[in-house]
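To keep things clear, I will list the structure first and then write my remarks on it.
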Amino acid sequence: MVFAILLILVAAGLFVAARVTEKRSLKLGALGSLLAAALAAVLSCVHVVGAYEVGVPVTFGKVGDPLKSGMHLKLPFTSVTTFSTRPVDLTLEGEDEIEVRSSQGGVMYVELTVKWSVNPESAVDLYRLAGDEEAIQERLVYPDSREIVRNVFAQHTSEEGYASGREEISLEIATAIEERLAPRGITVTNVNLRNVQPSEKLQEQIDRTIQQQQATERAEEEQRTAEAEAERKRIEAEGIAEANRILEESLTDRVLAKLCIDAFAEAAAQNPVYTSPCGDGTGTPVIVDGTGTGD
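To get my numbering, take the position in the sequence shown, counting from 1, and add 5.
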């Protein structure tokens with residue numbers, strides 16, 4: 006509209022100059038300027054909202070109803086702020102990575118991606134709250150996401166944060182961000198907990214803990230081995246004692262005499278021998294060979 010006014014002023018100047026000089030070219034220039042001013046004025050009353058966008062009209066500070074995709078007529082002095090309704094990625098990494106602390110005080114560094122979009126029905130409220138699409142991300146999505154990530158990690162241990170509880174923590178963060186931003190007209194479609202890196206100090210603590218666990222496991226294994234060996238020896242000793250008891254009870258005088266006779270008979274069958282009597286059961290039976298070398 007400002008351009009149209011300038012063209013009108015130019016046309017007026019050309020018309021005055023044409024009256025003074027009576028030059029036809031100046032009159033044509035004035036007419037062309039008027040036509041251009043009229044075209045600019047018409048175009049200033051038309052606004053096209055692109056696909057997957059929503060517009061918020063503002064006329065002299067008054068915010069109007071949101072404009073959907075398509076062509077719209079508006080007052081010449083009405084400005085339209087456009088918001089995209091396509092999902093936008095907010096990636097927190099590098100300088101924007103989030104420093105968090107676990108419930109145990111361990112420091113970790115988190116990389117996160119939040120995929121969000123503007124709810125068309127809430128475009129006017131978001132305009133009043135933030136101003137434009139970039140401001141929505143900087144003033145709402147960015148600080149709220151960082152705050153929620155810190156709060157969720159503070160409820161979990163360090164080990165859960167960087168290892169065992171990653172999936173649960175990611176779900177908690179996504180749920181909390183959705184619940185925080187939804188009432189403001191921001192739709193969160195996905196939250197990706199990309200990376201959790203322990204700080205150097207925490208990593209040293211982790212390494213020490215792992216070494217202690219490994220040492221404990223080795224000591225427990227050695228203890229189990231020693232106990233198993235002791236149990237094996239106890240069972241073996243009990244078996245030997247039981248065998249000796251049975252053998253002692255079974256070696257009666259008659260059994261010993263029978264063993265003595267069997268030994269003499271076997272020796273006589275292989276070599277010429279003579280024997281001493283087996284005795285009355287209290288002595289040791291003796292076998293003497295016929296060569297006279299001994300007993």
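Where a beta carbon is used, it is the ideal one built from N, C-alpha and C, also for glycine.
With fewer than 16 neighbouring CB atoms inside 10 Å of its own CB, TYR57 falls in the exposed class. Note on geometry: alpha-carbon atoms of VAL196 and VAL119 lie some 5 Å from one another. Cβ contact annotation for GLN109 (same chain, cutoff 6 Å, sequence separation greater than five): THR162, SER163, in chain order. The C-beta distance from SER122 to ARG91 rounds to 6 Å, short enough to fall under 8 Å.
Residue pairing by DSSP puts ARG106 in a beta bridge opposite VAL112.
In the three-state reduction of the DSSP assignment, LYS206 falls in the helix class. If you draw a straight line from the Cα of GLU225 to the Cα of GLY190, it comes to about 58 Å. By the neighbour-count criterion, in which a residue is buried when 16 or more other Cβ atoms sit within 10 angstroms of its Cβ, ILE240 is exposed. Beta-bridge analysis with DSSP links LEU95 to VAL119. Contact between the segment 177-186 and the segment 95-104 is absent, with fewer than three C-beta pairs closer than 8 Å. Proximity to GLU152 across ALA135, ILE178, ARG133 peaks at ILE178, based on C-alpha coordinates. Secondary structure of PRO62 (DSSP, three-state): strand. Taking ASP70 as reference, the option from ARG133, LYS238, PRO203, GLN219 with the minimal CA-CA separation is ARG133. Your pair THR192 and ASN124 checks out as a contact, with CB atoms roughly 5 Å apart and the cut at 8 Å. Here the C-alpha atom of ALA235 lies approximately 27 Å from the C-alpha atom of GLN217. One alpha carbon belongs to ARG229, the other to ALA242, and they sit about 20 Å apart. Of all alpha-carbon atoms in PHE65, VAL68, THR86, PRO81, the one lying nearest the alpha-carbon of VAL54 is that of THR86. A distance below 8 Å separates the beta carbons of VAL112 and SER204. The alpha-carbon separation between ALA270 and ILE251 amounts to approximately 27 Å. The continuous alpha helix (DSSP H) containing SER150 extends over residues 147-158.
For LEU72, the secondary structure class from DSSP, reduced to helix, strand or coil, is strand. Taken through DSSP and simplified to helix, strand or coil, LYS67 comes out as strand.
In this chain, the alpha helix (DSSP H) harbouring SER175 covers 171-186. Burial state of VAL51 is exposed, judged by a 10 Å Cβ sphere holding fewer than 16 other Cβ atoms.
A direct Cα-to-Cα measurement between LEU80 and VAL59 gives close to 18 Å. For ARG144, same chain residues with a beta-carbon under 6 Å away, outside a window of 5 residues either side, are ALA135 in chain order.
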